[in-house]
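Before any comments, here is the structure.
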Amino acid sequence: MAAFVTEFVTTLSRNQRQTLVAVAETVLPVGRFLPAAGPGTVDKVEQGLGQLPNMLGRGLAGLLQALEATSWLKTARPFTKLAPDKRLELLDGWRTGDLVRRLMLRALVTPLKIAHFDSPTLYKQLGCVYEAERPKAES
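Anchor point for the sequence shown: position 19 equals 38 in my numbering, and the numbering is continuous, going up by one each time.
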(Lines of atoms letter the chains of each structure in order from A and count residues from 1; the text may use other names and numbers.)
(Lines give C-alpha, C1' and ligand atoms only; values in the text may rest on other atoms or scores of the structure.)
Protein backbone atom coordinates (compact mmCIF):
# COMPACT_ATOMS: atom_id res chain seq x y z
CA MET A 1 0.00 0.00 0.00
CA ALA A 2 1.37 3.45 -0.94
CA ALA A 3 2.16 5.92 1.81
CA PHE A 4 -0.30 8.78 2.17
CA VAL A 5 1.51 12.12 1.98
CA THR A 6 -0.23 15.24 3.23
CA GLU A 7 0.96 18.65 2.07
CA PHE A 8 -0.31 21.93 3.43
CA VAL A 9 -1.22 25.13 1.58
CA THR A 10 -0.36 28.35 3.35
CA THR A 11 -1.38 31.04 0.87
CA LEU A 12 -3.56 31.69 -2.12
CA SER A 13 -2.17 33.31 -5.27
CA ARG A 14 -2.58 37.08 -5.52
CA ASN A 15 -5.46 36.74 -8.01
CA GLN A 16 -7.18 34.04 -5.95
CA ARG A 17 -6.88 36.20 -2.85
CA GLN A 18 -8.35 39.24 -4.65
CA THR A 19 -11.26 37.14 -5.90
CA LEU A 20 -11.90 35.71 -2.44
CA VAL A 21 -11.83 39.21 -0.91
CA ALA A 22 -14.39 40.32 -3.53
CA VAL A 23 -16.58 37.32 -2.66
CA ALA A 24 -16.26 38.10 1.07
CA GLU A 25 -17.21 41.75 0.54
CA THR A 26 -20.20 40.68 -1.56
CA VAL A 27 -21.67 37.96 0.65
CA LEU A 28 -20.84 39.53 4.03
CA PRO A 29 -21.47 43.28 3.63
CA VAL A 30 -21.60 45.69 6.54
CA GLY A 31 -24.81 45.42 8.52
CA ARG A 32 -26.49 47.32 11.30
CA PHE A 33 -24.59 45.37 13.96
CA LEU A 34 -22.04 43.37 11.98
CA PRO A 35 -18.86 44.59 10.28
CA ALA A 36 -18.20 43.85 6.63
CA ALA A 37 -15.91 41.00 5.64
CA GLY A 38 -12.77 41.84 3.70
CA PRO A 39 -9.03 41.19 3.61
CA GLY A 40 -8.89 40.33 7.33
CA THR A 41 -11.47 37.61 6.81
CA VAL A 42 -9.45 36.18 3.94
CA ASP A 43 -6.31 36.29 6.14
CA LYS A 44 -8.12 34.02 8.61
CA VAL A 45 -9.19 31.67 5.80
CA GLU A 46 -5.57 31.46 4.65
CA GLN A 47 -4.41 30.72 8.21
CA GLY A 48 -6.96 27.93 8.36
CA LEU A 49 -5.79 26.55 5.02
CA GLY A 50 -2.30 26.34 6.44
CA GLN A 51 -3.57 23.76 8.93
CA LEU A 52 -5.49 21.64 6.42
CA PRO A 53 -4.43 19.13 3.76
CA ASN A 54 -3.35 20.59 0.42
CA MET A 55 -6.33 19.11 -1.44
CA LEU A 56 -8.68 21.52 0.37
CA GLY A 57 -6.61 24.51 -0.72
CA ARG A 58 -6.61 23.18 -4.27
CA GLY A 59 -10.37 22.76 -4.07
CA LEU A 60 -10.81 26.37 -2.97
CA ALA A 61 -8.46 27.51 -5.74
CA GLY A 62 -10.54 25.53 -8.26
CA LEU A 63 -13.75 27.14 -7.01
CA LEU A 64 -12.21 30.59 -7.37
CA GLN A 65 -11.12 29.74 -10.93
CA ALA A 66 -14.63 28.51 -11.73
CA LEU A 67 -16.06 31.77 -10.41
CA GLU A 68 -13.65 33.82 -12.52
CA ALA A 69 -14.48 31.72 -15.60
CA THR A 70 -18.21 32.19 -14.98
CA SER A 71 -17.69 35.93 -14.63
CA TRP A 72 -15.74 36.12 -17.89
CA LEU A 73 -18.35 34.05 -19.74
CA LYS A 74 -21.33 36.02 -18.46
CA THR A 75 -19.92 39.56 -18.30
CA ALA A 76 -16.61 39.56 -20.21
CA ARG A 77 -14.97 40.94 -17.05
CA PRO A 78 -13.17 39.42 -14.06
CA PHE A 79 -15.24 39.00 -10.90
CA THR A 80 -13.06 41.50 -9.03
CA LYS A 81 -13.88 44.24 -11.58
CA LEU A 82 -17.66 43.81 -11.39
CA ALA A 83 -19.87 46.28 -9.53
CA PRO A 84 -21.18 44.89 -6.22
CA ASP A 85 -24.70 44.35 -7.62
CA LYS A 86 -23.29 42.40 -10.59
CA ARG A 87 -21.15 40.27 -8.28
CA LEU A 88 -24.23 39.48 -6.21
CA GLU A 89 -26.22 38.68 -9.35
CA LEU A 90 -23.55 36.24 -10.51
CA LEU A 91 -23.34 34.53 -7.10
CA ASP A 92 -27.13 34.41 -6.92
CA GLY A 93 -27.05 32.49 -10.19
CA TRP A 94 -25.04 29.82 -8.39
CA ARG A 95 -27.40 29.96 -5.38
CA THR A 96 -30.45 29.34 -7.55
CA GLY A 97 -28.68 27.02 -10.00
CA ASP A 98 -28.40 23.26 -10.09
CA LEU A 99 -27.12 21.16 -7.20
CA VAL A 100 -23.48 21.41 -8.26
CA ARG A 101 -23.55 25.22 -8.43
CA ARG A 102 -25.32 25.46 -5.07
CA LEU A 103 -22.72 23.19 -3.48
CA MET A 104 -19.89 25.17 -5.10
CA LEU A 105 -21.28 28.38 -3.60
CA ARG A 106 -21.65 26.75 -0.19
CA ALA A 107 -18.05 25.45 -0.32
CA LEU A 108 -16.81 28.92 -1.28
CA VAL A 109 -18.79 30.87 1.32
CA THR A 110 -18.61 28.54 4.35
CA PRO A 111 -14.90 29.15 5.14
CA LEU A 112 -15.53 32.89 4.85
CA LYS A 113 -18.44 32.75 7.30
CA ILE A 114 -16.47 30.64 9.77
CA ALA A 115 -13.49 33.01 9.60
CA HIS A 116 -15.63 36.15 9.78
CA PHE A 117 -17.92 35.21 12.64
CA ASP A 118 -15.35 33.37 14.80
CA SER A 119 -14.18 36.55 16.48
CA PRO A 120 -14.02 37.33 20.21
CA THR A 121 -14.22 41.04 19.34
CA LEU A 122 -17.42 40.54 17.35
CA TYR A 123 -19.00 38.49 20.14
CA LYS A 124 -18.10 41.19 22.68
CA GLN A 125 -19.47 43.93 20.40
CA LEU A 126 -22.77 42.02 20.21
CA GLY A 127 -22.85 41.45 23.97
CA CYS A 128 -22.35 37.70 23.65
CA VAL A 129 -20.00 35.30 25.42
CA TYR A 130 -17.30 33.97 23.09
CA GLU A 131 -16.01 31.21 25.34
CA ALA A 132 -17.90 29.85 28.29
CA GLU A 133 -16.00 28.98 31.43
CA ARG A 134 -14.87 25.39 31.28
CA PRO A 135 -16.11 23.16 34.08
CA LYS A 136 -13.43 22.04 36.52
CA ALA A 137 -12.58 18.38 36.53
CA GLU A 138 -13.65 16.49 39.61
CA SER A 139 -10.87 14.83 41.53
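No residue lacks a Cβ here, since even glycine has one placed at the ideal position from N, Cα and C. Everything numeric in this text was worked out from a predicted model, so none of it was measured.
With contact defined as three or more Cβ pairs closer than 8 Å, the segment 112-122 and the segment 56-70 are not in contact.
Taking a cut-off of 8 Å for Cβ pairs, the segment 45-63 and the segment 127-145 touch, as three or more such pairs fall below it. Within its own chain, the residues whose Cβ lies closer than 7 Å to the Cβ of L145, once the five positions on either side in sequence are excluded, are F52, listed in chain order.
From the listed residues D117, T94, L118, the smallest Cα separation to L107 is found for T94. Of all alpha-carbon atoms in V49, R33, S90, R77, the one lying nearest the alpha-carbon of D62 is that of R33.
The three-state reading of DSSP puts P48 in coil, since its state is none of H, G, I, E or B.
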